[in-house]
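In the working numbering, the protein residues as written are 32 to 267.
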């Protein structure tokens with residue numbers, strides 16, 4: 032009744048790192064680090080769909096990527112070469128959608144990302160100085176649910192709610208957040224489509240409460256952020 036698909040591919044990821052600080056070890060003198068590099072990974076997945084009822088299920092995997100980066104360190108000694116190694120996480124995502132009534136569609140996804148591999152990022156400056164950033168993140172979970180509706184043959188819209196539990200374990204401010212988003216698509220008689228969208232995000236309060244963290248005791252209040260998008264495309 033449906034169609035089964037196997038998905039596969041590769042990608043190149045860019046990795047950039049910058050730091051401007053005044054370490055105690057350098058007597059409060061300015062240290063500027065600038066590093067970059069690239070890494071290679073792969074993606075694979077499986078999908079199944081039943082077009083008659085707008086049903087689609089996908090399971091998608093994205094590999095982790097190791098990065099060996101290089102650049103320069105500017106300090107009281109002048110300019111010296113610097114190197115570092117970093118790890119970006121693997122992820123696994125399940126996406127589902129299905130028609131639930133004439134003109135109505137429900138959709139959702141659950142995504143796991145292996146951010147716990149990112150514990151520390153250590154930079155070596157020509158064997159003379161080591162700079163370390165602590166992250167010690169936990170794995171992230173992102174859950175999205177939404178509903179879409181076709182109002183007329185040329186007008187459709189959707190609204191969704193997303194929750195991300197955050198990755199912080201007390202070393203930074205990357206904690207829980209919520210995102211409410213909506214959009215509308217307007218098709219015209221010339222083969223064009225206008226898409227309008229917007230979203231509002233709520234970021235929860237956070238505190239750096241690990242005594243061994245660099246900024247122990249620092250805190251931020253909860254806050255809001257918003258975004259608006261618009262695009263127009265023509266197909267022929």
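Just so you know, even glycine gets a beta-carbon here, dropped at the ideal spot from N, CA and C. Note that this is a predicted model, so its numbers are computed, not measured.
Rounded separation between residue i and residue j - CA only
{"i": "residue 66", "j": "residue 127", "result": "39 Å"}
{"i": "residue 69", "j": "residue 53", "result": "28 Å"}
{"i": "residue 193", "j": "residue 90", "result": "18 Å"}
{"i": "residue 235", "j": "residue 196", "result": "10 Å"}
{"i": "residue 173", "j": "residue 219", "result": "35 Å"}
{"i": "residue 33", "j": "residue 111", "result": "60 Å"}
{"i": "residue 122", "j": "residue 239", "result": "26 Å"}
{"i": "residue 243", "j": "residue 233", "result": "28 Å"}
{"i": "residue 165", "j": "residue 150", "result": "6 Å"}
{"i": "residue 261", "j": "residue 183", "result": "20 Å"}
{"i": "residue 135", "j": "residue 77", "result": "25 Å"}
{"i": "residue 101", "j": "residue 115", "result": "6 Å"}
{"i": "residue 163", "j": "residue 61", "result": "16 Å"}
{"i": "residue 81", "j": "residue 226", "result": "26 Å"}
{"i": "residue 49", "j": "residue 106", "result": "14 Å"}
Residue environment, residue i, which counts as buried when at least 16 other CB atoms sit within 10 Å
{"i": "residue 73", "result": "exposed"}
{"i": "residue 119", "result": "buried"}
{"i": "residue 152", "result": "buried"}
{"i": "residue 156", "result": "buried"}
{"i": "residue 87", "result": "buried"}
{"i": "residue 63", "result": "exposed"}
{"i": "residue 202", "result": "buried"}
{"i": "residue 132", "result": "exposed"}
{"i": "residue 117", "result": "buried"}
{"i": "residue 168", "result": "buried"}
{"i": "residue 221", "result": "exposed"}
{"i": "residue 51", "result": "exposed"}
Where the beta strand (DSSP E) containing residue i begins and where it ends
{"i": "residue 163", "result": "160-165"}
{"i": "residue 151", "result": "151-156"}
For residue i: DSSP bridge partner residues
{"i": "residue 171", "result": "144"}
{"i": "residue 262", "result": "226"}
{"i": "residue 179", "result": "136 and 189"}
{"i": "residue 33", "result": "Partner(s): none; residue 33 has no beta bridge."}
beta-carbon residue i near the ligand MN non-hydrogen atom, thresh 8 Å
{"i": "residue 182", "result": "Because no ligand of any kind appears in the structure shown, any question about the ligand MN cannot be addressed here."}
Subject >> In chain order, each beta strand (DSSP E) run of at least 3 residues that lies wholly inside the region 48-104 >> reply: 62-81 and 86-93
**OP:** Taking only runs that begin and end inside the region 105-140, name each unbroken beta strand (DSSP E) of 3 or more residues, in chain order.
**Re:** 109-119 and 122-132
Subject >> Segments assigned beta strand (DSSP E), at least 3 residues, entirely inside the region 188-258 >> reply: Within the region 188-258, the runs of beta strand (DSSP E) that reach at least 3 residues and sit entirely inside it are, in chain order, 208-218 and 223-234.
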